[in-house]
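Chains as they are written, first to last, in the working numbering: chain A, 4 to 263; chain B, 4 to 263.
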């Protein structure tokens with residue numbers, strides 16, 4: 004793949020450059036390059052060149068190309084059919100990590116997010132672990148929401164939220180199907196959001212979640228914990244989100260000196 | 004689980020509250036609560052209470068508790084053995100997304116990161132897709148690195164990097180086994196880092212990557228693209244990183260008004 008000049012002594016340098024590496028490793032590297040180009044929208048009408056052309060373009064063997072496309076198919080990024088070739092399955096949307104934003108807000112311009120409200124209930128007593136995260140006593144109660152969020156006819160994420168009683172009461176009667184909870188909080192409580200702490204995990208989808216999200220059981224998904232605070236620092240919303248990783252990318256610009 | 008008061012009309016409210024929901028959904032919710040508590044270090048010596056106690060503490064059925072623990076075991080977060088109980092497998096380290104930092108720098112205080120240098124080679128011609136990402140001509144060449152990064156005797160991530168020729172030349176002869184590339188760039192080139200664009204994917208590990216990272220084939224991993232720029236905005240380093248998701252959490256604080 005590359006003309007290679009040997010590096011400093013004492014390191015493991017493959018004799019013949021990249022092309023001498025195991026095929027599986029070359030396939031992984033090629034899959035990474037293709038994933039980056041696919042999600043950057045580099046292939047006209049989402050149609051990839053055929054294996055022969057990809058092989059030539061990337062200086063890789065046909066076998067490595069086939070393996071790389073197989074990895075991307077297993078990720079749900081492309082589909083492959085004889086006579087049709089390799090096509091991008093569904094656009095992969097960028098979800099920014101640069102600022103706090105709801106899903107519909109983040110995806111403005113990509114289409115309308117529709118929320119299938121599976122649970123919207125007032126709870127008189129919060130589960131203890133949730134109350135602790137909300138920094139209230141369980142007896143303060145709250146509102147429990149579960150929404151399956153759709154875009155362009157496919158599920159994007161499954162969001163479980165617990166809101167404090169006051170904020171929840173203002174939000175639960177509103178248009179939960181069509182609006183972000185963040186926007187509803189700000190519009191209906193007079194509490195502007197301030198910040199959220201998030202923790203992003205990647206996990207295999209359990210069978211139930213996979214069925215709801217319409218992905219294969221065991222597919223990789225993001226599992227995101229998010230605790231959102233209004234101005235002044237009061238926690239009002241704790242969420243657990245399962246996000247389809249074949250449809251969403253988390254994007255950020257990180258600065259060396261810290262957030263700017 | 005909760006005393007439930009019915010919410011506004013026209014929404015799907017389960018009659019008996021959370022406990023009437025399918026067991027798989029209750030297990031997922033409980034797994035989320037437990038994951039959050041485990042990664043917050045809430046269980047003394049990484050040992051979880053037995054099923055009976057967890058059932059009482061979380062107001063969940065024994066079956067839901069067992070299913071939740073099974074999900075966390077499948078994630079690699081806990082191990083379960085008869086007579087021993089449920090113990091946390093390995094600490095899950097937080098990798099901050101609030102600022103640009105190398106892995107060793109991020110994990111200061113968690114132990115020393117050791118880098119197994121699998122590839123360190125000067126390439127006379129960059130792959131075209133990499134050159135484009137580095138915003139140079141392929142004939143400018145560069146340095147190709149692949150490092151398997153270890154902490155506490157276990158692999159954490161597999162990092163493939165391409166550096167521009169000048170920055171790569173300064174770095175390739177240095178202590179790649181013991182140091183972050185970011186620190187080496189700053190120390191040996193006089194180019195302070197400025198920022199990086201990152202894209203985070205979650206994918207199932209292919210068999211080869213899984214073997215290198217010592218995880219089951221198909222386990223969920225983070226696949227991260229990162230392009231790092233030095234002061235003035237010049238791109239010097241493009242990376243493709245596979246990160247064990249059972250050992251690392253990506254954490255950030257997001258602000259409503261954007262990065263602050």
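Built from N, CA and C at the ideal position, the CB exists for glycine as well.
In this structure, A:224 is the residue among A:187, A:137, A:224, A:85 with its C-alpha nearest to the C-alpha of residue 246 of chain A. Take residue 141 of chain B, set aside five residues on each side of it, and the residues of its chain with a beta-carbon closer than 6 Å to its own are 128, 129, 131, 134, in chain order.
Close partners of residue 221 of chain B in chain A (Cβ separation under 8 Å): 207, 221.
In this structure, the alpha-carbon of residue 47 of chain B lies about 13 Å from that of residue 94 of chain B.
The beta carbon of residue 36 of chain A sits closer than 8 Å to some beta carbon of chain B.
Around the CB of residue 66 of chain B, fewer than 16 other CB atoms lie within 10 Å, so the residue is classed as exposed. Residue-level contact by beta carbon holds for residue 103 of chain A and chain B, with a gap shorter than 8 Å.
Proximity to residue 206 of chain B across A:75, A:37, A:58, A:187 peaks at A:75, based on C-alpha coordinates. Comparing alpha-carbon positions, the option among B:143, B:108, B:79, B:172 lying closest to residue 124 of chain B turns out to be B:172. Between residue 201 of chain A and residue 202 of chain B a beta carbon distance of about 16 Å is seen, past the 8 Å cut, so the two are scored as non-contacting. Remark: three or more beta-carbon pairs, one from each stretch, lie closer than 8 Å, so the region 178-197 of chain B and the region 230-250 of chain B are flagged as touching.
Between the alpha carbons of residue 30 of chain B and residue 59 of chain A lies a distance of about 49 Å. In terms of CA proximity to residue 145 of chain B, B:175 leads the group B:175, B:160, B:259. Contact check for residue 150 of chain A against residue 120 of chain A passes: the beta carbons are separated by less than 8 Å. Residue 229 of chain A and residue 86 of chain A have their C-alpha atoms some 45 Å from each other.
Residue 234 of chain B carries a coil assignment under DSSP once its states are collapsed to helix, strand and coil. Annotation for residue 160 of chain B: the continuous beta strand (DSSP E) segment containing it runs 157-167. Contact of residue 92 of chain B with chain A is not assigned, every C-beta pair being separated by 8 Å or more. Taking the Cβ atoms as the reference, residue 154 of chain A lies roughly 6 Å from residue 110 of chain A, within the contact range of under 8 Å. Listed along chain A is no residue with a C-beta nearer than 9 Å to that of residue 66 of chain B; the closest approach is about 14 Å.
For residue 24 of chain B, the closest C-alpha among the options B:64, B:55, B:38 is that of B:64.
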